[in-house]
Each structure stands twice: as C-alpha cells, then as structure tokens.
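To keep things clear, I will list the structure first and then write my remarks on it.
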Amino acid sequence: MLIRIYNILFALTFPGTILYYVAISQHVLPPINAGFFGLMCTVSLLAILPIYTIDTIKTRRIQSIDLAFLLFLIAFALIAIWHGFQTADKSLMNWHLISIAQSIAVFILCKKVFSNRENESWIITLGWAMASASIILLSQDGRFALRDISDDVGIIPSYQTFAFCYMVATVFIAAKTNSRLLRNLVHITALTCLFINSARSEFAGYIFFVATLEFLSFKNKSTPIILAFTALSLILIAITTETVKLPESRITALADLKNDNSSNERDRMSKEGIDKILANPILGAYGEYEEGGYIHNIMSVWQETGLLGALFFIFLITTPALRGIADVLSVKSDHLSMVALSLILTAILLLIAGKYFTYLLVPTALALCSASRRKALP
92 MLIRIYNILF ALTFPGTILY YVAISQHVLP PINAGFFGLM CTVSLLAILP
142 IYTIDTIKTR RIQSIDLAFL LFLIAFALIA IWHGFQTADK SLMNWHLISI
192 AQSIAVFILC KKVFSNRENE SWIITLGWAM ASASIILLSQ DGRFALRDIS
242 DDVGIIPSYQ TFAFCYMVAT VFIAAKTNSR LLRNLVHITA LTCLFINSAR
292 SEFAGYIFFV ATLEFLSFKN KSTPIILAFT ALSLILIAIT TETVKLPESR
342 ITALADLKND NSSNERDRMS KEGIDKILAN PILGAYGEYE EGGYIHNIMS
392 VWQETGLLGA LFFIFLITTP ALRGIADVLS VKSDHLSMVA LSLILTAILL
442 LIAGKYFTYL LVPTALALCS ASRRKALP
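Adding 91 to a residue's 1-based position in the sequence shown gives its number in the numbering used here.
In structure tokens, the structure reads:
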C-alpha cells in the first residue's frame, strides 16, 4: 500500500507537473493559486516525512548519506533564519527555507521510490510516456513553450522546472529498465524532449548521465567508446552538411557562448560573487547580491554558508561518488548502483558548470545513492 502511495506521489510530482501545466494550457483543468510542483512537494513532505521519521526511530538506524544531508540542511536553515531576522526583507530567507523544504521532500520521496525493488511502477511509466508525448506534440518550431500558448503566462513555470521534472522521471525509467535496447529508446526519447524543452543544463547533463551509465554497464568498455564515437561522428556530419537542420534554441546557442547573453551575465555574477567571498572567506557573503544575482555554480555554497559549509557540502556530494567508483572498480555494483553513480557525477558536473547549490538534482542523486546502499548507521 505504501509503495503505491509513494509511486503516485512521485508520478504526480514529476511527470505530473508537466501534465498539469499542459492541461492548463489546453483549458482542460483550471489553474490553482499555488505552483503545482511546490504544492506536490508540500503534500509529499507532509505524507512521507512522518513515515520516514517513525521508521528511523523504530529501527534506530539511518543511512550516513541521509544524516549528512539533513545536518547540512539544518545548518543552512539556521544560517538563513539568522540573517533573515536581521533584515526587514524576508524574501531571501523565505526562498532558502522553501528550497530546504523541497530538498527534503525530493530526497525522501526519491529514496522511497528508488528503494522499491518490486516492479510496481506502471503509473510512473505512464506519466513519463504522456509527458514525453505532450512535449513532442505541443512543440512549435522545435520548441516546447507552454507560455506561448497559454492565456495567462504568469501561471506557467519556467522551462527549467519542466526539464528537471522530466529528467528525474526519466532517470527512474532508466533505473527500472534492465534491457539495454529499451533503455536506449528511453534515452533517445529523453534527449529529444530535453532538446525541445531548450534547457541546456539538463540536456547536457543527461548526455553525460547516459554516457556514464552505458559505459559502466558494458563489460567490454571499448564497445561504448566505439559506439559513442561513431554516433558523434554521424551527428556532426549530419549537422555540418545541413542534412539535419536544428531549430534555433538556447541549446544551439552553446556553439557561440561569446555572444550568448545568459552565459555572459552568469560569468559577471560569478566574478562579483567570488570577489565578495574573498573579502570574507571564512564566513562567506550570505545574500550579498541583487535579486537573482547569485553565483550560478558550486561556489554559491561558499558564499551562502561560509568555508565550513562549503567543505561539508563538497564532502557530502563527493563521498558517495568515490564509494560508487570504488564499487565499480571492485565489481560490486549492480544496475541501480551504476545509475546512482552516474547521477551523482552528473549533479557534480552541473554544479561546477552552472547550477546553484540548492539545485534539486542534488537531493535526487543523494537519495538514489542512499537507496542503492544497504548499510545504515545505528
């Protein structure tokens, strides 16, 4: 019964977010006053956190990843509250506290769902398939942009929300699909949808995730290298000869980063943020930026939590990655462990490249790492 509840919540939270806003744009459902993803995170938190807490108390055991992540979030919450009460503007504190709550919700929900070894995930698979079909069918000029076809643009979240939700749902499908042929079909569908969605971080991240996962899953490691080289060569030939003409999007703009406004603006904010960190490297520079002007990479954790917080966060995300690599080298990893390692490495890459440290793929990856390991701390 609980497994079904977890799966339903997961399906509603991730592919369900995409389907809900598709339904709104097509006037199938009326809009609600709150963001759907945030609402589902709240529902999931209220439904699952008590169960998770009771189970932990009963067994008197907790995974080391769980403990470390929760301790980091508690410390960050205290920092946010401390600074929040020293200023009249509570918006930054509220944003960080909401991010913390969503991180806990995503972590616990993903851990419960990925820990389920039974094949009772049809509702998630159906949701993912419907979301994929919606993205492809509702695209215009090669772009999935619900804001362009919606009467009220303000109620539709950004493409980044859709990309994250879709990527998490796809990772679940990949984790549950042992057949390489079927998994490759999932990968092709996912890359198509992420490209249409125009979220370049998730698109690039999923390419890295696929490359890592499939490389690890082959016993003969030269096979995926040859296949990847062949596929890349064919793609480059098709593009350069204009056999395939890609529609203009934020992803194709990566070919000319010097003239990409988004990339240049992020570079500017990062330089300003690093200068402020260097002015006080121990304590950092919490909230010392204009709205939305935070550092868009892993250095953001140093700015917001100080040196100790940054070191702890780096320890938090690199430890499961190193353990996963050790398991692969000692031939102790199963398919779920390979998916977990691939995802945590992807999360680390995206943090380095351009994501704020509260990026929700981090708790997703940590949850998967926790679910793939059996041992817990007494």
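Quick reminder that beta carbons are idealized off the backbone N, C-alpha and C, glycines included.
DSSP state of residue i mapped onto helix, strand, coil
i: Gln231; result: strand
i: Ile373; result: coil
i: Ile153; result: strand
i: Asp366; result: helix
i: Arg359; result: helix
i: Val335; result: Residue confidence for Val335 is low, a pLDDT of 46 falling below 50, so the modelled location carries little weight and cannot support an answer.
i: Ala470; result: Residue 470 lies beyond the stretch modelled for the chain, which goes from 92 to 469, so this question has no answer here.
i: Tyr111; result: helix
i: Asn124; result: coil
i: His426; result: helix
i: Ile172; result: helix
i: Tyr380; result: coil
i: Ala179; result: coil
Classification of residue i by the beta-carbon crowding that lies within 10 angstroms, buried from 16 upward
i: Asp425; result: exposed
i: Ala417; result: exposed
i: Thr303; result: buried
i: Tyr450; result: buried
i: Asn269; result: exposed
i: Val119; result: exposed
i: Asn355; result: exposed
i: Leu399; result: exposed
i: Ser249; result: exposed
i: Gly414; result: The sequence shown places Arg at residue 414, rather than the Gly named in the question. Label assigned to Arg414: buried.
i: Val392; result: buried
i: Gly296; result: buried
i: Glu305; result: buried
Terminal residues of the alpha helix (DSSP H) in which residue i lies
i: Lys203; result: Ser182 to Ser206
i: Tyr250; result: Tyr250 to Lys267
i: Asn98; result: Leu93 to Thr104
i: Val301; result: Arg291 to Ser308
i: Ile458; result: Correcting the residue type first, residue 458 is Ala in the shown sequence and not Ile. Its alpha helix (DSSP H) spans residues Leu452 to Ala462.
i: Asp418; result: Met390 to Leu420
i: Phe286; result: Arg271 to Asn288
Nearest residue (CA-CA) to residue i, options the options
i: Ile170; options: Thr455, Cys460, Glu305 and Leu374; result: Leu374
i: Met360; options: Lys446, Leu402, Cys284 and Thr283; result: Lys446
i: Pro372; options: Gly383, Arg357, Met390 and Glu381; result: Met390
i: Ile298; options: Leu307, Asn288 and His278; result: His278
i: Ser230; options: Glu381, Val259, Asn288 and Glu293; result: Asn288
i: Arg95; options: Thr108, Ser212, Ala192 and Phe167; result: Ser212
i: Ser223; options: Pro411, Ile435, Cys132 and Ala281; result: Ala281
i: Lys367; options: Arg357, His387 and Gln394; result: Gln394
Short CB-CB distance (under 7 Å) between residue i and chain C
i: Ser424; result: Chain labels in this structure do not include chain C; a single protein chain is all it has.
For the region 433-446 against the region 181-199, do three or more pairs of beta-carbon atoms, one drawn from each stretch, fall closer than 8 Å, so that the two count as touching? no
So, does the region 92-104 touch the region 149-160, judging by three or more C-beta pairs under 8 Å? no
Please confirm if the region 112-123 is in contact with the region 178-190, defined as three or more CB-CB distances below 8 Å between the two stretches. no
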